[in-house]
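*Asks:*
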């Protein structure tokens, strides 16, 4: 049944008629054939609902009273239809019960004149809106939205049911006012309109709570996401559901418990493809939490089982509407964090809305999106759901949706399957398709599948038309969601980082799994306290746990351990472990292999940074390796088809997204660090290596890497560089500062233009843009690393006047950098009255009386005027900004 019919009175009665035909026929007779006439009703329909004998309402009540018995034992689409029908009939019967109560039992029989009959029977033109429909048309065709996992009982009562009842009240009274018998009762009834709507809503809410005691879905929609007062109203109605929903859930265990109470029928016969698929999905709960071939293996450590180690995540919930920004963290901050993911997923999958649009699950790399789909697939009861998990990386990226499903399922059960047989394979169940890795699909294919989610919604619409509805859940990385066309009304679920209690749960599972491991050091949250930002992310928490378990690792709780030292040690441990596993034997020493692999990771980090993105494709990375590694590239060339995968894809902290993984010649991959800070650290470390050892090769590499984008955009890079610089040898520090100063003095000379790696083109920048980026980065690094003020004269090329040269350099930044790069750069550097460069906000011991105005949030135009030492211009700009700000503050 179409959605626009499902929520109407006519649709509700039609659904009930499938299960109680005699009752439907009797009611249709009382309503003058209104049901069978599909809305072209005779006048008796409305009259029958308010007639003194009250037969139609009594019969309607009996149909509603028996509906809970009809719902028991049903599943899937049939159950959805019955539940929506029950809700609609509840709303309608509540209204007419209230009307009879307000009119009184002694109200005289109503008779219709010919004109009144015409008003009831003649349909109004379509498209005029609800207020223009005849009373019977409105009764038959008006939609009553039901609660859901998103719009709970009380909120739906106010947003949808109250307006429906109020409008029905006004329309009914308008009809009654046209009856001759109404005139004599008008004075006695008084303000009927106001009382009638309130009376009807109260009866609806009472009836809803009675249904909630019998029908689990009504109970869940009255508790999930609702306020404490609403939950109090339903307390005690369903202790079985409440006990499951309120208790702590491990690995989505409550999903299974809740949905099994809802769906009590026997499972389908244990044969065929559906059975094989269900048996396969259940096995995930008993496997180790990680089975990857990455550098996670560290004998004799053991990973906990998924059922023990998967911590049900917290989440935020939103509905996609125009203006939504699901890729922006600030937008998500407006939505509260929730801890009832089990109950929400159960309530949503028990609702017909789950089959109307895809639900999007968002999260950062390593947040557990993929494992969530595997665990959910294992938890959904097979007597109610046919679960089909599709890793999008493993199927043809450009194939239609039903073929992608067939391909994925066929790989799991080793049989050729067809969507038509899968969707009908277990009668009475709802197919649930879990599409994992939409971000991998769109990153690897570009914009060609940006409408994929719209295609999914259209796929669901067609399935509803064929009475074979299907629920769809799609996972994607948060930052990629802005590259997709999202159907309006789609649910957005963003997975949150661990809180302290969740970290403890995970650590308890980790410690329990390794309790019998020889010489294992138990891990608790206090050890990780100084690195909470990493410990809150599941995969990075695993990385920290593995690091601590390494006997060669230093103590994470050391108060002297800086952020840079932490990342240095983490990378040391995991790169060393990977080298031991994969060393090619092409290097003369183990240390040389370690250094080369760290260099490859740094080039990967620069590949992302210099393109202004947090990921890089395999083709882009291949081009950068060829441009920057020169002859060494051949030494790295593996026998496999893809060099980038061999060089960086094997590392645990590098996330690889793949499309068309099964087709060797079409395989497309993108790479991303599990945490952006890994890339920022690697950039800083590589720069220090190049700067600390003076050579022409290093100089060329610095010019190539630093001439593409402004480092000041990414503050952590500069902080890491400062931290690493402070621990470098005295000779290394002198070399770094000297080489930077030399490059600053030489890089603008015509003879130096073009000596950089001309084939290194991560982003299209003209010569002006490259020179602006290079000069900005060299000067920013020189100022960032040196704790002392940097005399402007020490950077000025010989034969040049310091101030004019400096002014032209600053204005070069404005001309050649993008807006963010220019603003970040001029806000990072300041100049003292003695023409010394310092970090903005830093104290100058030489000019102790110098107070830097504005700080790091200074207006960039004012900062630029200050840098070029034009006090009059700076004064004008400050005065203008003050006047503008004052004007804005006025009411």
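Numbering (this note's numbering), first residue to last: 370 to 1260. Using N, Cα and C, we set each Cβ at its ideal position, and we do this for glycine too. Predicted, not measured: the structure shown is a model, and the values here were computed from it.
Can you find the residues in the same chain that come closer than 6 Å, C-beta to C-beta, to residue 861, ignoring five residues on each side of it along the sequence?
*Replies:* Around residue 861: 687, 689, 695, 729.
*Asks:* Excluding the 5 residues flanking residue 748 on each side, which residues of the same chain have their C-beta closer than 6 Å to its C-beta?
*Replies:* Closer than 6 Å at Cβ, skipping near neighbours: 621, 624, 625.
*Asks:* Starting from residue 687, trace the alpha helix (DSSP H) both ways and give me its first and last residue.
*Replies:* Per DSSP, residue 687 belongs to no alpha helix (DSSP H); it is in the beta strand (DSSP E), 684-688.
*Asks:* What do you get for residue 738, buried or exposed, if any count of 16 or more other CB atoms within 10 angstroms of its CB means buried?
*Replies:* Counting Cβ neighbours within 10 Å, residue 738 comes out buried, since at least 16 surround it.
*Asks:* Could you tell me which of 770, 863, 797 sits nearest to residue 788, measuring between CA atoms?
*Replies:* Out of 770, 863, 797, 770 has the C-alpha closest to the C-alpha of residue 788.
*Asks:* Can you list the alpha helix (DSSP H) stretches of 4 or more residues lying completely in the region 927-980, in chain order?
*Replies:* Listed in chain order, the complete alpha helix (DSSP H) runs (minimum 4 residues) inside the region 927-980 are 932-951, 959-978.
*Asks:* By Cβ distance below 6 Å, which residues in the same chain neighbour residue 1204 in space, the five residues on each side in sequence not counted?
*Replies:* These residues qualify, in order along the chain: 1161.
*Asks:* Reducing DSSP to helix, strand and coil, say where residue 411 ends up.
*Replies:* Its pLDDT being 38, under 50, residue 411 is placed unreliably by the model, and the measurement read from it follows with that caveat. Residue 411: coil per DSSP, three-state reduction.
*Asks:* Is the region 1068-1077 close to the region 800-811, with three or more CB pairs under 8 Å?
*Replies:* The region 1068-1077 is not in contact with the region 800-811.
*Asks:* Hey, would you say residue 854 sits closer than 9 Å to residue 810, going by beta carbons?
*Replies:* Contact flag unset, no.
*Asks:* Let me make sure I understand the geometry here. Which of 866, 1190, 984, 463 has the alpha-carbon closest to that of residue 732?
*Replies:* Ranking the options by Cα distance to residue 732, first place goes to 866.
*Asks:* For residue 849, which residues of its own chain have a beta-carbon under 8 Å away from its beta-carbon, when the five flanking residues on both sides are left out?
*Replies:* These residues qualify, in order along the chain: 696, 807, 808, 811, 812.
*Asks:* Among 974, 648, 1106, which has the Cα closest to the Cα of residue 1047?
*Replies:* Among 974, 648, 1106, the Cα nearest to that of residue 1047 belongs to 974.
*Asks:* Touching or not, the region 898-917 and the region 720-729, by the rule of three or more beta carbon pairs under 8 Å?
*Replies:* As far as the Cβ criterion goes, the region 898-917 does not touch the region 720-729, which means the pair count is below three.
*Asks:* For residue 988, I'd like the list of residues in its chain whose CB is within less than 6 Å of its CB, leaving aside the five on either flank, ordered along the chain.
*Replies:* Counting only Cβ-Cβ distances below 6 Å, and skipping sequence neighbours, we find nothing.
*Asks:* How many angstroms separate the CA atom of residue 331 from the CA atom of residue 776?
*Replies:* Beyond the ends of the chain as shown, which are 370 and 1260, falls residue 331; an answer cannot be given.
*Asks:* Short check: CB of residue 1164 to CB of residue 1113, under 9 Å?
*Replies:* Cβ atoms of residue 1164 and residue 1113: closer than 9 Å.
*Asks:* If we count Cβ pairs, one from each stretch, closer than 8 Å, do we get three or more for the region 1038-1052 versus the region 936-943?
*Replies:* Touching, per the Cβ criterion.
*Asks:* Quick one: Cα of residue 1149 to Cα of residue 1185, how far?
*Replies:* If you take the alpha carbons of residue 1149 and residue 1185, they lie about 16 Å apart.
*Asks:* In whole angstroms, what separates the C-alpha of residue 895 from that of residue 821?
*Replies:* Those two C-alpha atoms are separated by around 45 Å.
*Asks:* Return the chain-ordered ranges of every beta strand (DSSP E) run that is complete within the region 1037-1070 and spans a minimum of 3 residues.
*Replies:* Within the region 1037-1070, the complete beta strand (DSSP E) runs of at least 3 residues are 1037-1042.
*Asks:* Can you tell me the Cα-Cα spacing of residue 1099 and residue 1068, whole angstroms?
*Replies:* The straight-line gap from Cα to Cα measures roughly 20 Å.
*Asks:* So for residue 886, helix, strand or coil by DSSP?
*Replies:* Residue 886: coil per DSSP, three-state reduction.
*Asks:* Whole angstroms are fine: how far does the CA of residue 453 sit from the CA of residue 354?
*Replies:* The displayed coordinates of the chain run from 370 to 1260. Any statement about residue 354 would go beyond what the structure contains.
*Asks:* Since residue 1129 is in the alpha helix (DSSP H), which residue starts that stretch and which ends it?
*Replies:* Premise fails: residue 1129 is in no alpha helix (DSSP H) and is neither H nor E.
*Asks:* Nearest-angstrom Cα distance between residue 1261 and residue 1151?
*Replies:* What the structure shows of the chain is the stretch from 370 to 1260, and residue 1261 is not part of that stretch, so it cannot be assessed.
*Asks:* In terms of alpha-carbon separation, which member of 562, 1227, 1192 lies closest to residue 1079?
*Replies:* Comparing Cα-Cα distances from residue 1079 to each of 562, 1227, 1192, the minimum goes to 1192.
*Asks:* Classify residue 907 as buried or exposed, calling it buried when 16 or more other Cβ atoms lie within 10 Å of its own Cβ.
*Replies:* Result: buried.
*Asks:* According to DSSP, is residue 1076 helix, strand or coil?
*Replies:* If DSSP states are grouped into helix, strand and coil, residue 1076 belongs with coil.
*Asks:* Could you tell me which of 872, 934, 590 sits nearest to residue 914, measuring between CA atoms?
*Replies:* Residue 872 is the option with its Cα nearest to residue 914.
*Asks:* Comparing alpha-carbon positions, which option in 593, 818, 465, 946 lies nearest residue 521?
*Replies:* Closest option to residue 521, Cα to Cα, is 593.
*Asks:* Which residue marks the beginning of the beta strand (DSSP E) containing residue 1205, and which one marks its end?
*Replies:* Note, residue 1205: beta strand (DSSP E), 1205-1208.
*Asks:* Would you tell me roughly how many angstroms separate the C-alpha atoms of residue 785 and residue 778, rounded to the nearest one?
*Replies:* About 8 Å.
*Asks:* When the Cα atoms are used, what is the spatial distance from residue 573 to residue 449?
*Replies:* Cα to Cα, residue 573 sits roughly 20 Å from residue 449.
*Asks:* Can you confirm whether the region 876-893 touches the region 691-710 when touching is taken to mean that 3 or more C-beta pairs between the two stretches lie within less than 8 Å?
*Replies:* No: fewer than three Cβ pairs fall under 8 Å.
*Asks:* Taking DSSP as the reference, what is the three-state secondary structure of residue 560?
*Replies:* Reduced to three states, the DSSP call for residue 560 is coil.
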